[in-house]
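Structure, as C-alpha cells:
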Amino acid sequence: RTVYVNGAFVPEEAATISVFDRGFLFADGVYEVTTVLGGRLIDFAGHMARLRRSLAELAMDAPADEAEILSIHRELVARNGIEEGMVYLQVTRGAADRDFAFPPAGTKPSLVLFTQEKAVSDNPAAEKGLTVVSVPDQRWARRDIKTVQLLYPSLAKMEAKARDADDAWMVENGLVTEGTSNNAWIILADGTIVTRPRSEAILHGITRSAVLRLAEEAGHRFVERPFSIEEAKGAAEAFITSASAFVMPVVRIDGAPVGAGVPGPLSRRLRQIYIEEARRTAI
Ligand code: PLP
Numbered sequence: 003r004t005v006y007v008n009g010a011f012v013p014e015e016a017a018t019i020s021v022f023d024r025g026f027l028f029a030d031g032v033y034e035v036t037t038v039l040g041g042r043l044i045d046f047a048g049h050m051a052r053l054r055r056s057l058a059e060l061a062m063d064a065p066a067d068e069a070e071i072l073s074i075h076r077e078l079v080a081r082n083g084i085e086e087g088m089v090y091l092q093v094t095r096g097a098a099d100r101d102f103a104f105p106p107a108g109t110k111p112s113l114v115l116f117t118q119e120k121a122v123s124d125n126p127a128a129e130k131g132l133t134v135v136s137v138p139d140q141r142w143a144r145r146d147i148k149t150v151q152l153l154y155p156s157l158a159k160m161e162a163k164a165r166d167a168d169d170a171w172m173v174e175n176g177l178v179t180e181g182t183s184n185n186a187w188i189i190l191a192d193g194t195i196v197t198r199p200r201s202e203a204i205l206h207g208i209t210r211s212a213v214l215r216l217a218e219e220a221g222h223r224f225v226e227r228p229f230s231i232e233e234a235k236g237a238a239e240a241f242i243t244s245a246s247a248f249v250m251p252v253v254r255i256d257g258a259p260v261g262a263g264v265p266g267p268l269s270r271r272l273r274q275i276y277i278e279e280a281r282r283t284a285i
C-alpha cells in the first residue's frame with residue numbers, strides 16, 4: 003500500500019513521522035475520512051469545508067491548498083486501486099520540542115494520508131441492522147472539532163463489544179449526543195425524522211447534512227432536537243450516519259428492540275437515496 007507523508011508518496015513500510023510530532027504527543031491534530039465509491043470521492047467539498055473549520059478553530063495552518071489535497075486523494079486512490087473504501091487524512095501542528103505552548107510560527111504542519119479498502123455500498127450490516135448500547139459521554143466539550151483525540155470513543159466501542167453490541171450511543175445530561183463515530187437518529191411513529199442539532203456537543207457530520215437535505219427534498223418531516231435513550235427505545239426506527247456507514251439502521255438499543263427489531267422502511271429508503279445521490283455526485 004502506498005501512503006502519503008509530508009510531500010511524498012511512499013510504501014507504508016517506508017513512511018515515517020517524528021516522535022516529536024504534536025499529533026503523537028498532544029493529539030494536536032485533526033482528520034477527515036472521505037469515502038470512495040466507484041473510485042470517486044463522496045462529498046469532498048464538504049470534508050474540505052469541515053477540515054478548514056477544524057483547522058481554524060485550533061489556529062492551525064493549512065498543510066496545502068485544496069486543489070493539491072484533492073490531487074493527493076486521487077493519486078492515492080489510483081495508486082492503490084481503490085474502488086470502494088476510504089481516504090484518511092490527518093493534519094497535525096507538526097514536530098517541535100515538547101512544550102504545551104504552540105511551536106513557533108513557521109513550524110510546518112504534518113500531513114498524512116492513507117487509503118483503506120472496504121465494501122461500503124453492499125454492506126451486509128445494512129440488512130441486519132446494528133445493535134447499540136448507551137454509555138456516558140466522557141469526551142471533551144468541543145466535539146465539533148474533528149480532532150484525533152479518539153481515546154474515549156475507542157473505550158466506548160470496547161464497552162459496546164463487551165456488552166455484545168456493535169456500537170455505543172453516548173449520553174450527556176440524559177440526552178443522546180452521538181455514536182462513537184457517527185451521528186444518531188430516530189424516526190417517530192408519525193414518520194418524523196429526529197436528530198440532534200449542530201452544536202459543540204457533536205461532530206457536524208457531513209453525511210448528517212446530506213441526509214437532512216435529501217430527507218427534506220423527498221418530502222419527509224424532520225426536526226433537529228435532542229432525544230433521550232428512552233425515547234429512542236420507543237421510536238419506530240433508529241439509524242446512524244457517517245461517511246463510511248452511510249445510513250445504517252439500528253435495531254436494538256440496550257438490548258431492547260427498536261420498532262419491530264429489524265431495519266425500518268424509512269431508514270432503508272434513506273440509505274438508498276443517499277447512495278444514489280453519492281454515486282451521482284462523487285468526483
Ligand atoms: N460523529 C462522530 C463522533 C464521528 O467521529 C463521525 C465520523 O467520523 C461522525 C459523527 C459522522 O460524520 P461524517 O458523516 O462526516 O462521517
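Taking the UniProt record's numbering, the leading residue of the sequence shown gets 3, the next gets one more, and so forth. We treat Cβ as the ideally placed atom computed from N, Cα and C, and that holds for glycine.
Nearest to R200 by alpha carbon, out of L72, E14, P228?
Start at 1 with the first residue of the sequence shown, and residue 200 comes out as number 198. R200 has its Cα closest to that of P228, out of L72, E14, P228.
Less than 8 Å between the C-beta atoms of A246 and V114, yes or no?
Working through the sequence shown from its first residue, we reach residue 246 at position 244. Working through the sequence shown from its first residue, we reach residue 114 at position 112. Just to set this straight, residue 246 is Ser in the shown sequence, not Ala. For S246 and V114, no; Cβs fall outside 8 Å.
Could you have a look at P251 and say whether DSSP puts it in helix, strand or coil?
Locating residue 251 in the sequence shown gives position 249, counting from the first residue. Note: P251 maps to strand in three-state DSSP.
Locate the alpha helix (DSSP H) running through Q274, then write down its first and last residues.
On the sequence shown, residue 274 is found 272 positions in, with the first residue counted as 1. First-last of the alpha helix (DSSP H) with Q274: 267-283.
What would DSSP say about V173, mapped onto helix, strand or coil?
Locating residue 173 in the sequence shown gives position 171, where the first residue counts as 1. In the structure shown, V173 sits in a strand (DSSP, three-state: E or B).
From A186 to K120, what distance separates their C-alpha atoms?
The residue you call residue 186 lines up with position 184 of the sequence shown. The residue you call residue 120 lines up with position 118 of the sequence shown. One C-alpha to the other measures close to 22 Å.
What is the DSSP secondary structure of F22, reduced to helix, strand or coil?
Numbered from 1 along the sequence shown, position 20 holds the residue referred to as residue 22. Coil, per DSSP.
Only counting the same chain, and skipping five residues up and downstream in sequence, which positions put a Cβ closer than 7 Å to that of G131?
As a first step, residue 131 is located in the sequence shown; it is residue number 129 there, counting from the start. Closer than 7 Å at Cβ, skipping near neighbours: P251, V252, V253, V264, P265.
According to DSSP, is I71 helix, strand or coil?
As a position in the sequence shown, residue 71 is number 69, starting the count at 1. It is helical.
Please state whether DSSP places I84 in a helix, a strand or coil.
As a position in the sequence shown, residue 84 is number 82, starting the count at 1. Note: I84 maps to coil in three-state DSSP.
Which residues bound the beta strand (DSSP E) around I44?
Residue mapping note: residue 44 aligns to position 42 of the sequence shown, counting from 1. Element bounds for I44: n/a, residue is neither H nor E.
Starting from V122 and walking both ways along the beta strand (DSSP E), at which residues does that stretch end?
If you number the sequence shown from 1, residue 122 lands on position 120. Note, V122: premise wrong, no beta strand (DSSP E); not H, not E.
With the cut-off set at 8 Å, would you say L205 and E174 are in Cβ contact?
Against the sequence shown, residue 205 aligns to sequence position 203. Against the sequence shown, residue 174 aligns to sequence position 172. Contact: no.
Leaving out five residues before and five after P65 in sequence, what residues of the same chain have Cβ atoms less than 6 Å from its Cβ?
In the sequence shown, the residue the question calls residue 65 occupies position 63. Hits under 6 Å: V93, P111, L113.
When you compare each of A164, D256, A97, I74 to R24 by their alpha carbons, which one comes out closest?
Looking up residue 24 in the sequence shown gives position 22. Ranking the options by Cα distance to R24, first place goes to A97.
Going by beta carbon distance, what residues of the same chain come within less than 8 Å of K235, once the five residues before and after it are set aside?
Numbered from 1 along the sequence shown, position 233 holds the residue referred to as residue 235. These residues qualify, in order along the chain: I255, D256, A258, V260.
Tell me whether G83 counts as near ligand 1, meaning its Cβ is closer than 7 Å to at least one heavy atom of that ligand.
Translated into positions along the sequence shown, residue 83 becomes position 81. Checking the Cβ of G83 against ligand 1 gives no.
Buried or exposed for S156, going by 16 or more other Cβ atoms inside 10 Å?
Here the question's residue 156 lines up with position 154 in the sequence shown. It counts as exposed.
Please determine whether the Cβ atom of N8 lies at a distance below 7 Å from any heavy atom of ligand 1.
As a first step, residue 8 is located in the sequence shown; it is residue number 6 there, counting from the start. Not so, every heavy atom of ligand 1 lies at least 7 Å from the Cβ.
To test your reading of the DSSP string, which unbroken alpha helix (DSSP H) runs of 4 or more residues are found completely within the segment 156-207?
None, since the segment 156-207 contains no complete alpha helix (DSSP H) of that length.
If you draw a straight line from the C-alpha of T149 to the C-alpha of S56, how long is it?
The residue you call residue 149 lines up with position 147 of the sequence shown. The residue you call residue 56 lines up with position 54 of the sequence shown. Taking the straight line from one Cα to the other gives about 8 Å.
Can you look up A11 in the DSSP assignment and give me helix, strand or coil?
If you number the sequence shown from 1, residue 11 lands on position 9. The sequence shown places Phe at residue 11, not Ala. Note: F11 maps to strand in three-state DSSP.
Is F229 helix, strand or coil when you go by DSSP?
Against the sequence shown, residue 229 aligns to sequence position 227. Coil.
Count Cβ pairs between the segment 209-229 and the segment 162-171 that sit closer than 8 Å; are there 3 or more?
In short, these stretches do not touch, since the Cβ pair count stays below three.
How close, in whole Å, do the beta carbons of H75 and L43 come, if the pair is a contact with beta carbons under 8 Å?
Along the sequence shown, one-based indexing puts residue 75 at 73. Along the sequence shown, one-based indexing puts residue 43 at 41. Going by Cβ atoms, the distance from H75 to L43 rounds to 6 Å, so yes, they are a contact pair.
For ligand 1, any of its heavy atoms closer than 7 Å to the Cβ of G87?
By 1-based counting over the sequence shown, the position of residue 87 is 85. Checking every heavy atom of ligand 1 against the Cβ of G87, none is found closer than 7 Å.
Any heavy atom of ligand 1 within a distance shorter than 7 Å of the CB on R145?
Mapped onto the sequence shown, residue 145 falls at position 143. Answer for R145: yes, Cβ within range of ligand 1.
Can you tell which of F11, G41, T18 has the C-alpha that lies nearest to the C-alpha of I285?
Looking up residue 285 in the sequence shown gives position 283. That would be G41, whose Cα lies nearest to the Cα of I285.
Just reading off the alpha helix (DSSP H) that P127 is part of, what are its end residues?
The sequence position of residue 127 within the sequence shown is 125, counting from 1. The sequence shown places Ala at residue 127, not Pro. Its alpha helix (DSSP H) spans residues 127-130.
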